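Right, one structure below, let's go through it.
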């Protein structure tokens, strides 16, 4: 028996796995489908950690093609590759809100349902970021409205001749670490981040925290590249101003 | 626009203002200033301690951002999401079967 198992051709084994992970296998008769599907879906989401099943990461195009055919294993692959990153993005945008889990579920369910609408004009990751940010922003819109904070109060101001309005400008970059523990600094910044407009917060999260390029952020947020740059700069100035005020200095 | 401002400033032999420097700071920190603008920017920094201090605090703010609540997805959230997707896919498949059986009679 053991010998027999070992000589199964790799391709045949691959086909077996592929057909077992399809939602609607072409060869299935309607009568036999429910039972197989139940077993198959369980197997797909349970089998990922089995040794020997790990395959090289397929290309985005290949995964999407499989997903468009209803291949549950393709969804599993995308989930394994991207769920950690997307959770982090959603959590950072939503702050302390416990909605992050639901956002992740919504995103991957949308990925499964709407795979056919993905034209491949942008990267798969960009599409995933877009779905995540939209889902997170949607939740924020539906949730309790926060009081809008006026940015102006924390942005630098200048005299008519272009000099800083309040001089001297204090360099508190080292004082911050001396005065506050790392966790406290993060708390202050987190609070300031939550005061940004959700769209600006999304730009900061995708740029300064996730390290995405301006072009990718623009595609994910349906903004122009120029708008991304403007929003990012303004948001950074606001955060800087909040930190300055926290330390007892002028934001300007 | 910033380029035009700088050109105007250069033409009038006036110093680049702190306001222009602040407007350009994001380009400077991401190393996107062209050589001429960069030279002008740094020239201003040599004579303006206020802008040096502003730049340091701006850089500090940007450098702190990545460490904010970099949350890893909890095991439970992963498991819940998998269960959710499994449930939804099953439901969709059942719906498909119902549709198929009603069409084929």
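Chains as they are written, first to last, in the working numbering: chain Y, 1 to 252; chain G, 1001 to 1105.
Every residue gets a Cβ at the ideal spot worked out from N, C-alpha and C, and that includes glycine.
Because the structure is a prediction, the values reported are computed rather than measured.
Residues near residue i in its chain [Cβ-Cβ closer than 8 Å; skip 5 each side]
i               : result
residue 166(Y)  : 157, 250, 252
residue 1052(G) : 1045
residue 229(Y)  : 214
residue 67(Y)   : 74, 75, 78, 111, 112, 115
residue 63(Y)   : 74, 77, 78, 124
residue 12(Y)   : Residue placement at residue 12(Y) is flagged as unreliable, the pLDDT there being 46, under the threshold of 50; the coordinate-derived value follows with that caveat. Answer for residue 12(Y): no residue qualifies.
residue 153(Y)  : 241, 251
Below-8 Å beta-carbon distance, residue i vs any chain G residue
i              : result
residue 156(Y) : yes
residue 30(Y)  : Its pLDDT being 36, under 50, residue 30(Y) is placed unreliably by the model, and the measurement read from it follows with that caveat. Closer than 8 Å to some Cβ of chain G, the Cβ of residue 30(Y) qualifies, so yes.
residue 203(Y) : no
residue 18(Y)  : No answer about residue 18(Y) holds up, because its pLDDT of 42 lies below 50 and its placement is not dependable.
residue 189(Y) : yes
residue 101(Y) : yes
residue 168(Y) : yes
residue 246(Y) : no
residue 258(Y) : Coverage of chain Y is limited to positions 1 through 252, which leaves residue 258(Y) absent and any answer about it impossible.
residue 66(Y)  : no
residue 216(Y) : no
residue 142(Y) : no
residue 240(Y) : yes
residue 139(Y) : no
residue 250(Y) : no
CB of residue i within 8 Å of CB of residue j, strictly
i               : j               : result
residue 1056(G) : residue 173(Y)  : yes
residue 196(Y)  : residue 129(Y)  : no
residue 237(Y)  : residue 176(Y)  : no
residue 71(Y)   : residue 124(Y)  : no
residue 1073(G) : residue 222(Y)  : no
residue 204(Y)  : residue 243(Y)  : no
residue 240(Y)  : residue 1061(G) : yes
residue 1081(G) : residue 105(Y)  : yes
residue 1068(G) : residue 193(Y)  : yes
residue 109(Y)  : residue 1088(G) : yes
residue 1049(G) : residue 198(Y)  : no
residue 126(Y)  : residue 227(Y)  : no
Closer than 8 Å to chain Y by CB, residue i
i               : result
residue 1028(G) : no
residue 1031(G) : no
residue 1022(G) : yes
residue 1038(G) : no
residue 1071(G) : yes
residue 1078(G) : yes
residue 1102(G) : no
residue 1085(G) : yes
residue 1054(G) : yes
residue 1019(G) : yes
residue 1095(G) : no
residue 1088(G) : yes
residue 1098(G) : no
residue 1064(G) : yes
residue 1043(G) : no
residue 1047(G) : no
Contacts around residue i, its chain only, beta-carbon distance under 6 Å, and the 5 residues preceding and following it disregarded
i              : result
residue 170(Y) : 249
residue 212(Y) : 206
residue 132(Y) : 86, 89, 90, 107
residue 188(Y) : 246
residue 159(Y) : 165
residue 99(Y)  : 139
residue 122(Y) : 219
Counterpart residues of residue i in DSSP-defined beta bridges
i              : result
residue 158(Y) : 164(Y)
Own chain, CB closer than 7 Å to residue i, minus 5 neighbours either side, in chain order
i               : result
residue 114(Y)  : none
residue 185(Y)  : 176
residue 225(Y)  : 214, 215, 218
residue 1059(G) : 1029
residue 1041(G) : 1021, 1024, 1028, 1033
residue 151(Y)  : 234, 238
residue 209(Y)  : 92
residue 1054(G) : 1022
residue 1085(G) : none
Cross-chain neighbours of residue i in chain C, by beta carbon under 8 Å
i               : result
residue 1075(G) : Structure shown: chain C not included; protein chains present are Y and G.
* At least three beta-carbon pairs within less than 8 Å, the region 1031 to 1045 of chain G to the region 141 to 149 of chain Y -> no
Any chance the region 87 to 103 of chain Y sits against the region 126 to 140 of chain Y, with 3 or more Cβ pairs inside 8 Å?
yes
Touch check for the region 1014 to 1026 of chain G and the region 1090 to 1100 of chain G: three-plus C-beta pairs under 8 Å? Contact annotation: the region 1014 to 1026 of chain G does not touch the region 1090 to 1100 of chain G, with fewer than three C-beta pairs closer than 8 Å.
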